[in-house]
Amino acid sequence: MTEPQGFDPTKFKLITRNVLTEYKELPNDLARVQRSMKEEDHPFAQAREYKRALNATKLDKIFAKPFIGNLAGHPDGVTCITRTGNEISYMASGGYDGEVRVWNVGTKQCLYTIQAHDTVCKGISVSTTKIPYIVTCSTDHTCKLWPLSISTEEDSKPAKVNAPLMTYNHEIPFSCIDTRRGTEDFCTGTSEGLDLWTFSRNEIVQHYDTETDGVLGCKISPTENNVVGITGGNRSIILIDLRANTPIKTVYGVRRYNDLSWNPQQVYMFTACSDDWNLYTYDIRRLNEARTIHKGHLGPVLTVDYSPTGREFATGSYDKCIRIYNEWCGYARDCYHTQRMQKVFNVCYSGDGHYIFSGSDEGNIRIWKAFASESTKIKDKREIAKLNYLNGLKKKYKDMPEIRRIANHIHLPKELMHTKTIRDTMILSEKKKELNRKKHAKKERKTKKEKEENGNEN
1 MTEPQGFDPT
11 KFKLITRNVL
21 TEYKELPNDL
31 ARVQRSMKEE
41 DHPFAQAREY
51 KRALNATKLD
61 KIFAKPFIGN
71 LAGHPDGVTC
81 ITRTGNEISY
91 MASGGYDGEV
101 RVWNVGTKQC
111 LYTIQAHDTV
121 CKGISVSTTK
131 IPYIVTCSTD
141 HTCKLWPLSI
151 STEEDSKPAK
161 VNAPLMTYNH
171 EIPFSCIDTR
181 RGTEDFCTGT
191 SEGLDLWTFS
201 RNEIVQHYDT
211 ETDGVLGCKI
221 SPTENNVVGI
231 TGGNRSIILI
241 DLRANTPIKT
251 VYGVRRYNDL
261 SWNPQQVYMF
271 TACSDDWNLY
281 TYDIRRLNEA
291 RTIHKGHLGP
301 VLTVDYSPTG
311 REFATGSYDK
321 CIRIYNEWCG
331 YARDCYHTQR
341 MQKVFNVCYS
351 GDGHYIFSGS
361 DEGNIRIWKA
371 FASESTKIKD
381 KREIAKLNYL
391 NGLKKKYKDM
401 PEIRRIANHI
411 HLPKELMHTK
421 TIRDTMILSE
431 KKKELNRKKH
441 AKKERKTKKE
451 KEENGNEN
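Quick note on our numbering: the sequence shown kicks off at 1 and runs consecutively.
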């Protein structure tokens, strides 16, 4: 047998491997995989990435199970809910019968109940002071201060708190309430305007005349706690600086605004929900037009709340649905609904931004995932790395037709689908009518003076 040319049997090369990197330290460790990073060795890399992005998008829809559970106990409809300051696991809610409940969301138990008012509880808020307090307002002309205590959590039955710490009386009913971050001040809205109160005094500290048909909602900015946003009954949004005596800016809409929410990360941005089925994001530096119009609801939008991240917000509507919008997107990325859920009066994000609470007309508080297909279990590093990789691929190929079609598909009940079809037909008909009007309109004849001016310009 002839030896190959250039072969020297006395010289040979050894394959060497580093013991620290090539061999498993423990029997259960994963073996190291040799990979080539050269592009010519992977001619179908882009096709594989597209297929992975498509499969990940499909799996998101398959495993989309947003509903986690409900907090039952209110004998009547839920009108207002709020998270309890710096505590992530707790929240408070108020109902039509004037009852206020404090909940442990993790165990789904009611810690204690408060018969706060004789009539409907119109607003509830929790202070962010060192010792947190609950402030409630009602149409019975009273606003009350209650202790927030979770010491009764170990008891099997919810405790009852009968006596308020302070009672603030007014001549007219209250419509809304919100606390000022880091202070003992809070604001209330009435049919006559906005009032500023403090915990230690049962008299109004300062009154702001808004010249509206009543204040429907008021929200104090979480970052600039001197600025208050008000929605009025005359289709207006009014911005008030608590250090001044007069409103600083006013904007009017097509229909009445029901609620607004400030972006916690961007100081100048807020979103308002309207009776015309849309939401409007405004920049207070330029209020002459909306920065973004968010569409998709099939009924008046009643409530809106921003995520603590400031990147998205949730809305509740008269059409019995909850929709989640990205900050700058005009259409909803997801829609939540159940067979028994009625009109959604209030939505609220959890402190970590992973969950959404909704209070509706039939007396239930429901807990939803902020991301429908997100797993609630504890993830290891490899799973987190894979999810981040798949999210990057979905973002990279989001404009591909098939991926965009699957990702944007939203399942709706039969009644809402019928309403959506009618609305789309009306919008298309209006556009067609406007095009025909422009097409067949008479051409405006120019006057002699205009012709001379055009001739001089040429």
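Note that the Cβ used here is the ideal one computed from N, Cα and C, for glycine as well.
Of the choices Asn226, Cys121, Arg423 and Ile238, whose alpha-carbon is the least far from that of Asp209? For the purposes of this step, residue 209 is taken as residue 209 along the sequence shown, with counting starting at 1. Nearest option by C-alpha distance: Ile238.
From the DSSP output, in three-state form, read off Pro401 for me. Taking the first residue of the sequence shown as position 1, residue 401 is located at position 401. Helix, per DSSP.
Exposed unless 16 or more other CB atoms sit within 10 angstroms - verdict on Ser175: Position 175 of the sequence shown, counting from 1, holds the residue named residue 175. The residue is buried, with at least 16 neighbouring Cβ atoms inside 10 Å.
Can you tell me whether His418 is helix, strand or coil according to DSSP? Position 418 of the sequence shown holds residue 418. Correct three-state label for His418: helix.
Neighbour-count burial assignment, Thr16, 16 or more Cβ in a 10 Å radius: Looking up residue 16 in the sequence shown gives position 16. Exposed, by the Cβ-count rule.
Pairs of beta-carbons, one from the region 267–275 and one from the region 301–315, closer than 8 Å: are there three or more? Enough Cβ pairs lie closer than 8 Å, so yes.
Across which residues does DSSP place Cys335 in a beta bridge pair? By 1-based counting over the sequence shown, the position of residue 335 is 335. In DSSP, Cys335 forms a bridge with Arg323.
With DSSP as the reference, label Gly316 as helix, strand or coil. Indexing the sequence shown from 1 puts residue 316 at position 316. Secondary structure of Gly316 (DSSP, three-state): strand.
For the alpha helix (DSSP H) that Tyr389 lies in, which residues bound it at each end? The residue you call residue 389 lines up with position 389 of the sequence shown. Unbroken alpha helix (DSSP H) run through Tyr389: Lys381 to Lys396.
Can you grab the Cα-Cα spacing for the pair Glu444 / Arg255, in whole Å? Position 444 of the sequence shown holds residue 444. Position 255 of the sequence shown holds residue 255. Distance between the alpha carbons of Glu444 and Arg255 is about 34 Å.
Note down the Cα distance separating Asn280 from Ser138, rounded to an integer number of angstroms. Here residue 280 corresponds to residue number 280 of the sequence shown, with the count starting at 1. Here residue 138 corresponds to residue number 138 of the sequence shown, with the count starting at 1. The sequence as given places Tyr at residue 280; Asn does not occur at that position. Looking at the two C-alpha atoms, the distance is approximately 28 Å.
Roughly how many angstroms lie between the CA atoms of Phe357 and Asn104, to the nearest whole one? Here residue 357 is taken as the residue at index 357 of the sequence shown, counted from 1. Here residue 104 is taken as the residue at index 104 of the sequence shown, counted from 1. Rounded to whole angstroms, Phe357 to Asn104 spans 12 Å at the Cα level.
From the DSSP output, in three-state form, read off Glu171 for me. Taking the sequence shown and counting its residues from 1, the one referred to as residue 171 is at position 171. Coil at Glu171, not helix or strand.
To the nearest angstrom, how far is the alpha carbon of Ala332 from that of Gly296? On the sequence shown, position 332 is the one that residue 332 refers to. On the sequence shown, position 296 is the one that residue 296 refers to. So the alpha carbons of these two residues sit roughly 7 Å apart.
So who's on the other strand from Ala72, going by DSSP bridges? On the sequence shown, position 72 is the one that residue 72 refers to. None, per the DSSP bridge assignment.
Could you give the distance in angstroms between the alpha-carbon of Ser149 and the alpha-carbon of Met91? To locate residue 149, count along the sequence shown from 1; it is residue 149. To locate residue 91, count along the sequence shown from 1; it is residue 91. Using only the alpha carbons, I get a separation of about 12 Å.
Taking all protein chains shown into account, do 16 or more other C-beta atoms lie within 10 angstroms of the C-beta of Met37, making it buried, or fewer, making it exposed? Counting from one through the sequence shown, the residue named residue 37 turns up at place 37. So Met37 ends up on the exposed side.
Where do the N-terminal and C-terminal ends of the alpha helix (DSSP H) with Val347 fall, by residue? For the purposes of this step, residue 347 is taken as residue 347 along the sequence shown, with counting starting at 1. Premise fails: Val347 lies in the beta strand (DSSP E), Val344 to Tyr349, not in any alpha helix (DSSP H).
Cys329 - partner residues in DSSP beta bridges: For the purposes of this step, residue 329 is identified with residue 329 of the sequence shown, where counting begins at 1. Per DSSP, none; premise fails for Cys329.
May I have the straight-line CA-CA distance separating Lys439 from Arg423, to the nearest angstrom? The count along the sequence shown starts at 1 and reaches residue 439 at position 439. The count along the sequence shown starts at 1 and reaches residue 423 at position 423. About 24 Å.
Please list the terminal residues of the continuous alpha helix (DSSP H) segment that includes Arg473. Lying before the first or after the last residue shown, residue 473 is absent from the chain, which here runs from 1 to 458.
Tell me, to the nearest whole angstrom, how far the beta carbon of Ser127 is from that of Glu184; I am working on the premise that it is less than 8 Å. Taking the sequence shown and counting its residues from 1, one reaches residue 127 at position 127. Taking the sequence shown and counting its residues from 1, one reaches residue 184 at position 184. Beta-carbon to beta-carbon, Ser127 and Glu184 are separated by about 7 Å, close enough to satisfy the 8 Å threshold.
Under DSSP, the beta strand (DSSP E) around Glu184 begins and ends at which residues? By one-based count along the sequence shown, residue 184 stands at place 184. Where Glu184 is concerned, there is no enclosing beta strand (DSSP E), given that its DSSP letter is neither H nor E.
Alpha carbon of Thr113 to alpha carbon of Asn202, nearest angstrom: Taking the first residue of the sequence shown as position 1, residue 113 is located at position 113. Taking the first residue of the sequence shown as position 1, residue 202 is located at position 202. Rounded to whole angstroms, Thr113 to Asn202 spans 24 Å at the Cα level.
Is the Cβ-Cβ distance between Asn326 and Asn70 less than 8 Å? Residue numbering aside, residue 326 sits at position 326 when the sequence shown is read from its first letter. Residue numbering aside, residue 70 sits at position 70 when the sequence shown is read from its first letter. Judged by their CB atoms, Asn326 and Asn70 are not nearer to each other than the 8 Å cut-off.
Touching or not, the region 257–271 and the region 281–292, by the rule of three or more beta carbon pairs under 8 Å? Counting Cβ pairs under 8 Å, three or more are found: they touch.
Based on the DSSP secondary-structure assignment, which residues constitute the bridge partners of Asp305? Along the sequence shown, read from residue 1 onward, the residue named residue 305 stands at position 305. DSSP lists Ala314 as the beta-bridge partner residues of Asp305.
Measure the alpha-carbon distance for Lys381 versus Leu390 and round it to whole angstroms. For the purposes of this step, residue 381 is taken as residue 381 along the sequence shown, with counting starting at 1. For the purposes of this step, residue 390 is taken as residue 390 along the sequence shown, with counting starting at 1. Per the coordinates, the alpha-carbon of Lys381 lies some 14 Å from the alpha-carbon of Leu390.
In the DSSP assignment, the alpha helix (DSSP H) including Thr281 goes from what residue to what residue? By one-based count along the sequence shown, residue 281 stands at place 281. Premise fails: Thr281 lies in the beta strand (DSSP E), Leu279 to Asp283, not in any alpha helix (DSSP H).
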